[in-house]
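Chemist: Going down the list, the protein sequences come from chains A and B. For what it's worth, numbering that gives the first Met the number 0 labels the leading residue of the first sequence as 0, then goes sequentially. For what it's worth, numbering that gives the first Met the number 0 labels the leading residue of the second sequence as 0, then goes sequentially. To start, I am sharing the structure in question, which I have written as structure tokens.
There are 2 protein chains.
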Amino acid sequence: MEELKERIRREGRNLGRGILKVDSFINHQVDPILTMAVGQELARRFEGSPVTKVVTAEISGIAPAFTTAVALGVPVVYARKSKPITMPEEVYRETAPSHTKLRVVELFISPEVLGPEDRVLVVDDFLASGQKRRALKRSDIPRVDSISSVLVH
Amino acid sequence: MEELKERIRREGRNLGRGILKVDSFINHQVDPILTMAVGQELARRFEGSPVTKVVTAEISGIAPAFTTAVALGVPVVYARKSKPITMPEEVYRETAPSHTKLRVVELFISPEVLGPEDRVLVVDDFLASGQKRRALKRSDIPRVDSISSVLVH
């Protein structure tokens with residue numbers, strides 16, 4: 000996606016240790032026009048796939064996952080990093096190291112929002128190591144033969 | 000907004016202690032069609048206001064804030080609950096009690112994304128006590144004579 004690459008070249012800053020600072024348009028301040036275009040592009044790439052839910056790990060994955068879900072016309076599910084009191088006792092739970100938080104984070108999804116009939120598209124931002132995405136794939140969520148993608152390959 | 004009220008009546012569950020469980024369409028699984036409509040409605044209510052940025056507190060505020068920003072054609076800024084290593088030393092910082100987390104949360108915004116010329120519309124979800132919204136208003140962000148709104152009045 001040329002528009003996104005150009006923006007990264009213009010505004011991104013390499014902080015070293017594999018960290019790219021893009022918080023002026025992706026993960027602190029978010030450009031909604033660019034993010035809508037990203038969602039349309041990701042949805043286009045999975046056109047024809049039997050996706051029933053988009054899943055992302057909060058927080059910076061939320062915007063591109065949301066816009067992909069808009070374009071696909073399916074719900075989006077946020078894997079939560081802490082278990083809110085509104086979530087039932089029995090949940091899907093996985094762990095993954097966070098690149099920017101320098102610690103292991105937990106990921107929780109309620110079985111109330113994902114079932115055995117679901118086919119999941121995992122969308123996350125492109126900054127991290129892909130560990131959260133892998134954690135979502137290896138989790139015991141039923142039949143996540145997940146079609147996975149990140150924002151930029 | 001009748002569509003949202005109807006959905007809350009149909010799917011919401013009162014868990015007591017002022018907590019409404021709406022995680023099937025607002026804050027765990029998110030309905031993108033409904034959320035786009037919410038953004039359009041909020042933007043309509045602030046038509047003509049000189050809003051330059053939408054600000055929200057992660058996490059459940061992100062989706063309605065994002066869609067409001069799409070409709071207004073301005074960037075959205077997430078007040079972060081932890082300070083990522085990509086954020087500079089000097090930041091805007093406030094604290095607010097979280098209703099669902101049962102503890103005080105911190106809110107961080109980088110001065111790189113908000114300046115004295117900005118006019119801010121604060122959008123959060125409607126579940127909590129409004130404390131995070133008030134924290135964002137009283138913070139020392141320059142000229143946040145903020146036009147505030149929540150999803151449902």
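All residues carry an ideal CB built from backbone N, CA and C; glycine is no exception. Source: prediction; values computed, not measured.
Short of 7 Å Cβ to Cβ, which residues in the region 33-45 of chain A face chain E?
Modeler: Of the protein chains in this structure, namely A and B, none is chain E.
Chemist: Using CA coordinates, which residue listed in HIS27/B, ASP22/B and LEU33/B is at the minimum distance from LEU3/B?
Modeler: LEU33/B
Chemist: Helix or strand or just coil, what does DSSP make of MET35/A?
Modeler: helix
Chemist: Can you tell me which of the three DSSP states ILE7/A falls into?
Modeler: helix
Chemist: Quick check: is the beta carbon of TYR91/A nearer than 8 Å to any beta carbon in chain B?
Modeler: By this cut-off, TYR91/A is not an interface position.
Chemist: Can you give me the C-alpha to C-alpha distance between VAL119/B and TYR91/B, rounded to a whole angstrom?
Modeler: 14 Å
Chemist: Comparing the C-beta of VAL119/A with each C-beta of chain B, is any distance below 8 Å?
Modeler: no
Chemist: May I ask you to report which of helix, strand or coil DSSP gives VAL69/A?
Modeler: helix
Chemist: Write down the C-beta distance between VAL69/A and PRO31/B rounded to the nearest angstrom, noting that I regard them as a contact closer than 8 Å.
Modeler: 4 Å
Chemist: For the candidate residues GLU57/A, PHE45/A, THR66/A and ARG102/A, whose alpha-carbon lies nearest to that of LYS82/A?
Modeler: GLU57/A
Chemist: Along the chain, where does the beta strand (DSSP E) containing GLU14/A start, and where does it finish?
Modeler: With the sequence shown as reference, residue 14/A is identified as Leu, and Glu is not the correct amino acid for it. It spans 12-15 - the beta strand (DSSP E) in which LEU14/A sits, taken as one unbroken run.
Chemist: To the nearest angstrom, how far is it from the Cα of VAL143/B to the Cα of VAL37/B?
Modeler: Note on VAL143/B: pLDDT 46, under 50, position unreliable in the model; the coordinate value appears next. About 23 Å.
Chemist: From this set, VAL122/A, LEU19/A, ILE18/A and SER23/A, which residue's C-alpha is nearest PRO110/B's C-alpha?
Modeler: SER23/A
Chemist: Ends of the beta strand (DSSP E) at ASP22/A?
Modeler: It is not in any beta strand (DSSP E) - ASP22/A carries neither H nor E in the DSSP assignment.
Chemist: Alpha carbon to alpha carbon, how far is ALA64/B from GLN195/A? Give it in angstroms, no decimals.
Modeler: No answer is possible for residue 195/A: the residues shown for chain A start at 0 and end at 152.
Chemist: Which one of GLY15/A, LYS20/A and ARG9/A has the shortest CA to CA distance from ASP124/A?
Modeler: LYS20/A
Chemist: Any beta carbon from chain A within less than 8 Å of VAL103/B's own beta carbon?
Modeler: no
Chemist: Could you tell me whether any Cβ in chain A is nearer than 8 Å to the Cβ of LEU14/B?
Modeler: Judged by the 8 Å Cβ criterion, LEU14/B is in contact with chain A.
Chemist: Tell me whether LEU165/B sits in a helix, a strand or coil according to DSSP, three-state version.
Modeler: This structure cannot settle anything about residue 165/B, because the visible part of chain B is limited to 0 through 152.
Chemist: When you compare each of GLU116/B, THR85/B and GLY114/B to LEU14/A by their alpha carbons, which one comes out closest?
Modeler: Of the listed residues, the one whose Cα sits closest to LEU14/A is THR85/B.
Chemist: Would you list the residues sitting across from GLU93/B in a DSSP beta bridge?
Modeler: LEU106/B
Chemist: Which residue wins for smallest C-alpha separation from LEU41/B, given the options THR66/B, ILE25/B, VAL54/B and SER59/B?
Modeler: THR66/B
Chemist: Can you find a CB in chain A that lies within less than 8 Å of the CB of VAL50/B?
Modeler: no
Chemist: Can you list the residues of chain B that GLU57/A reaches, using a CB-CB cut of under 7 Å?
Modeler: ILE58
Chemist: Kindly give me the distance between the Cβ atoms of LEU106/A and VAL76/A, rounded to whole angstroms, as I take these residues to be in contact under 8 Å.
Modeler: Incorrect: roughly 11 Å between the Cβ atoms, too far for contact.
Chemist: Determine the burial state of GLU1/A: buried for a count of at least 16 other Cβ atoms within 10 Å of its Cβ, exposed for fewer.
Modeler: exposed
Chemist: Tell me whether the beta-carbon of ASN26/B lies closer than 8 Å to the beta-carbon of SER48/B.
Modeler: Contact flag unset, no.
Chemist: Might you give, ordered along the chain, the residues of its own chain that have their beta carbon closer than 8 Å to the beta carbon of PRO87/B, omitting 5 neighbours on each side?
Modeler: SER109, PRO110 and GLU111.
Chemist: Cα separation between ARG79/A and ASP117/B?
Modeler: 31 Å
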